[in-house]
Amino acid sequence: MLTVASDIDVLARFGRALADPIRCRVLLVLRDAPAYPADLADALGISRTRLSNHLACLRDCGLVVAVPDGRRTRYELADKRLGHALDDLRAAVVAVETDRSCVDADEKGCC
Numbered sequence: 001m002l003t004v005a006s007d008i009d010v011l012a013r014f015g016r017a018l019a020d021p022i023r024c025r026v027l028l029v030l031r032d033a034p035a036y037p038a039d040l041a042d043a044l045g046i047s048r049t050r051l052s053n054h055l056a057c058l059r060d061c062g063l064v065v066a067v068p069d070g071r072r073t074r075y076e077l078a079d080k081r082l083g084h085a086l087d088d089l090r091a092a093v094v095a096v097e098t099d100r101s102c103v104d105a106d107e108k109g110c111c
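Heads up: the sequence shown runs through residues 1 to 111, numbered per this note's numbering.
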């Protein structure tokens with residue numbers, strides 16, 4: 001039986017997916033259009049094996065889906081709203097200075 005994930009679980013999954021730069025790049029590519037794994041690997045300059053691991057993580061997080069297309073499998077965002085969410089996050093983060101960590105980084109062990 002499917003259940004609705006709690007808000008915290010949803011955000012944690014999204015955070016896990018965004019925690020890796022390659023997964024972020026995959027999501028940004030898929031934001032623009034669905035793609036096949038071989039094309040994604042070439043576009044990102046990584047091996048197909050490495051990409052496969054990242055796609056598995058993104059599938060497990062519920063952010064991408066594999067769509068059978070004849071003998072091939074195409075990947076796309078699980079929901080078009082994810083593309084908008086990525087754009088909103090990018091716009092919000094632009095306001096943050098990238099050369100500074102948070103004030104409490106040493107004390108709290110973050111950033």
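All residues carry an ideal CB built from backbone N, CA and C; glycine is no exception.
Outcome for residue i when other beta-carbon atoms lying within 10 angstroms are tallied against a minimum of 16
i     : result
LEU11 : exposed
VAL64 : buried
VAL67 : exposed
ALA33 : exposed
Start-to-end residues for the beta strand (DSSP E) that takes in residue i
i      : result
LEU77  : 72 to 77
ASP116 : As displayed, the chain neither begins before 1 nor continues past 111, which places residue 116 out of reach and without an answer.
Contacting residues, own chain, Cβ-Cβ under 8 angstroms from residue i (five flanking each side not counted)
i     : result
VAL29 : ALA35, LEU40, ALA43, LEU44
SER47 : ALA41
LEU82 : LEU27, ARG31, LEU63
LEU86 : LEU27, LEU28, ARG31
First through last residue of the alpha helix (DSSP H) which encompasses residue i
i      : result
CYS61  : No alpha helix (DSSP H) holds CYS61; DSSP gives it neither H nor E.
ILE113 : This structure does not reach residue 113, given that the chain is present from 1 up to 111, and the question cannot be answered.
Cβ shell of residue i (< 7 angstroms), same chain only, five flanking positions each side left out
i     : result
ALA78 : GLY62, LEU63, VAL64, VAL65
Closer than 8 angstroms is the cut-off here; do at least three beta carbon pairs connect the segment 37 to 56 with the segment 20 to 27? yes
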